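Below: one structure, written as structure tokens.
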Amino acid sequence: MGKTRVARFVALILLLLFILPISLLAQSSAAAGTNSDSARIAKLEQQVAQAQSSGDNAWMLTSAALVLMMTGPGLALFYGGLVRKKNVLSTMMQSFAMMALITVIWGIIGYSLCFGSGNSFIGGLHHVFLRGVGAAPEADYAATIPQQTFMIYQLMFAIITPALITGAFAERMKFSAMTLFLVLWSIIVYAPMAHMVWGKGGLLNASLGGRFPCLDFAGGTVVHVSSGVSALVCALYLGRRVGYPREPMPPHSVVLSLIGACMLWVGWFGFNAGSALASSSLATSAFVATHFAAAAAAIGWGAAEWIAMGRPSVLGAISGAVAGLVAITPASGFVTPMPALLIGLLAGVACYFMVAKVKAAFGYDDSLDAFGVHGAGGTLGALLTGVFATSAVNPIFKDAKGNVLGSGMMDGNYFQIVNQLVGVLIAWVLAAVGTLLILKVVDMLVGLRVSEGHEIEGLDITQHGEEGYYWEASESSLR
């Protein structure tokens, strides 16, 4: 028995000595396999994130280019065709000048005032001279694209907004006065408005802690209400053009305006769909809403004009399309296609009424109807956003537990109408008061209006020494 136990014990020891290395080897292989799988998964996740970032960045750079196209050539052609032949170059130059001037101001201080950390009303000076704005994302604004991409995209909004105001004082403001006025306006009016709606901690910011969360996806209050109301103040302050309204002042080329309006329509996809700040389903939704609203508004304005005047005009159709694009701007990232159609239709009819009836009744000379389209259309669109916004498109509001809340009145959030009204009122007051003060200062410094003689001769020659068109007669025709 003793020998048997010893033999069993020895056999057990030998068995353990044989199994243990195999077990350890198997565990080591499994661990290595697990580490290898983890590394592969981590690498795959990194590649997916890089692919998403590349796709989002490509879309945002494309959108930035589209929005810049809205100013030049889109707005330049649209406004340039609407004025008389003697003012075509000066009018187009005003849009072009904004592309240069506002870019420089934006890089020095504008971006920082709009999107730097500050208080509820204005950003700080952290990004002066674009300090700290590089390849790293700013997660609070757009987590998948470089902050520099976000900065350049937002610059294009800052360019077109003051350019829209030029439609109100077309054919009668000095180029020097226009330059000084709009540079000051971009700092004193645009920057606070942009920060309040889109900046971190802004008073009206719906996603980053605003006291009154105003839904403004792409600039209904920031761009259109502010520029439209400022346009009205400019028109009233400068007074009417020489001969208005006794003398007819028809557009010298509706052809140019038609081309410009079509470019605005296309560029607006970058304006609205780009405001998703990613190549996402939200961008698709905003793209669709934008297109449907523009089409419905063109029909709405055309139908109203047809009923009132007996025929629809080309100018009316393109003005209606722009009105629809204006009205859908704040709502584009919050509404489904059918409400977008309704918003566009209402905007087309309402803006036609403002341009054809209200302006005539009060007699103010808003040369190219900047207030009638942008001020009225932007106000209407901002308020209707509070009615039709839905969390099914953009679940922007959530409770403390992360549960999605209603976005607009039709979604059960009735108080959103109040928030929208607060945003609109702030935009109206800031634009009106700020514009009036700036106009007074500029008027004292350089004077606002050209002389009556220069206005009659035309601003192309008197302000720039050039003509938009040179009609040369051949020698044979002179004989």
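In this note's numbering, the protein residues as written are 1 to 479. Using N, Cα and C, we set each Cβ at its ideal position, and we do this for glycine too. Just so we're clear, the structure is a prediction, and the values are computed from it rather than from any experiment.
Which parts of the stretch 269-331 are runs of the alpha helix (DSSP H), unbroken and 4 residues or longer, counting only runs that do not cross its ends?
Runs of the alpha helix (DSSP H) inside the stretch 269-331: 281-309, 314-328.
With distances taken from CA atoms, which of Tyr-141, Ile-145, Ile-165, Ser-207 is nearest Ala-135?
Ile-145
Range of the contiguous alpha helix (DSSP H) that encloses Gly-423
416-445
Glu-467 in three-state terms, based on DSSP
coil
Leaving out five residues on either side along the sequence, give the residues of the same chain with a beta carbon under 6 Å from the beta carbon of Ile-152.
Ala-64
Tell me whether the stretch 305-317 and the stretch 328-341 touch, counting them as touching only if at least three CB pairs, one residue from each stretch, are closer than 8 Å.
no
Name, in chain order, the residues that DSSP records as bridge partners for Asn-394.
DSSP, once it has assigned bridges, lists no residue as partnering Asn-394.
With DSSP as the reference, identify every bridge partner of Val-404, one or two as the case may be.
Lys-398
With DSSP collapsed to three states, give me the class of Arg-449.
strand
Cβ neighbours of Ser-275 in the same chain (closer than 7 Å, five flanking residues each side left out)
Phe-217, Ala-218, Ala-286, Gly-333
Residue environment, Gln-46, which counts as buried when at least 16 other CB atoms sit within 10 Å
exposed
If you run the structure through DSSP and keep just helix, strand and coil, what is Leu-478?
Any answer about Leu-478 is weak, because its pLDDT of 48 lies below 50 and its placement is not dependable; what the coordinates show is given next. DSSP places Leu-478 in helix when its eight states are reduced to three.
What residues in its chain sit with their C-beta under 7 Å from that of Ala-321, if we drop five residues either side in the sequence?
Ala-261, Trp-265, Ala-294, Ala-297, Ala-298
Could you name the residues of the same chain whose beta carbon sits closer than 8 Å to that of Asn-57, not counting the 5 residues immediately before and after it, in chain order?
Thr-144, Ile-145, Pro-146, Thr-149
Consult DSSP for Asn-35 and reduce its assignment to one of helix, strand or coil.
helix
Pick from Leu-258, Gly-344, Ser-227 that is closest to Phe-78, judged by C-alpha positions
Leu-258
I need the DSSP call for Glu-138, collapsed to helix, strand or coil.
strand
Just checking my contact of Ser-367 with Arg-241 at CB under 8 Å: how many whole Å lie between their CB atoms?
That pair is a contact at about 7 Å.
Quick one: measure Cβ to Cβ for Ile-187 and Leu-101, integer angstroms, because I've assumed they're closer than 8 Å.
11 Å between Cβ atoms; not a contact.
Around the C-beta of Asp-460, are 16 or more other C-beta atoms found within 10 angstroms, so that it is buried, or is it exposed?
Buried.
Met-410 by DSSP, collapsed to three states: which one?
helix
Are the beta-carbon atoms belonging to Lys-174 and Leu-448 less than 8 Å from one another?
yes
Does DSSP classify Asn-205 as helix, strand or coil?
strand
Would you identify the three-state DSSP class for Met-173, choosing helix, strand or coil?
DSSP places Met-173 in the strand class (E or B) of the three-state scheme.
Thinking C-alpha only, which one of Gly-80, Phe-292, Thr-284, Gln-52 is nearest Phe-169?
Nearest C-alpha to Phe-169: Gly-80.
Sorted by chain position, which residues of the same chain lie with C-beta nearer than 6 Å to Thr-166's C-beta, five sequence neighbours on each side aside?
Gln-94
For Cys-234, list the residues DSSP reports as bridge partners.
For Cys-234, which the question treats as bridged, DSSP gives no partner whatsoever.
C-beta atoms of Thr-435 and Val-450 nearer than 8 Å:
no
Run the CB neighbour count on Pro-213, radius 10 Å, all protein chains shown included, and call it buried at 16 or more, exposed below.
buried
May I ask you to verify whether the stretch 376-387 touches the stretch 343-352, counting CB pairs closer than 8 Å and requiring at least 3?
yes
For the alpha helix (DSSP H) containing Phe-150, list its first residue and its last residue.
147-165
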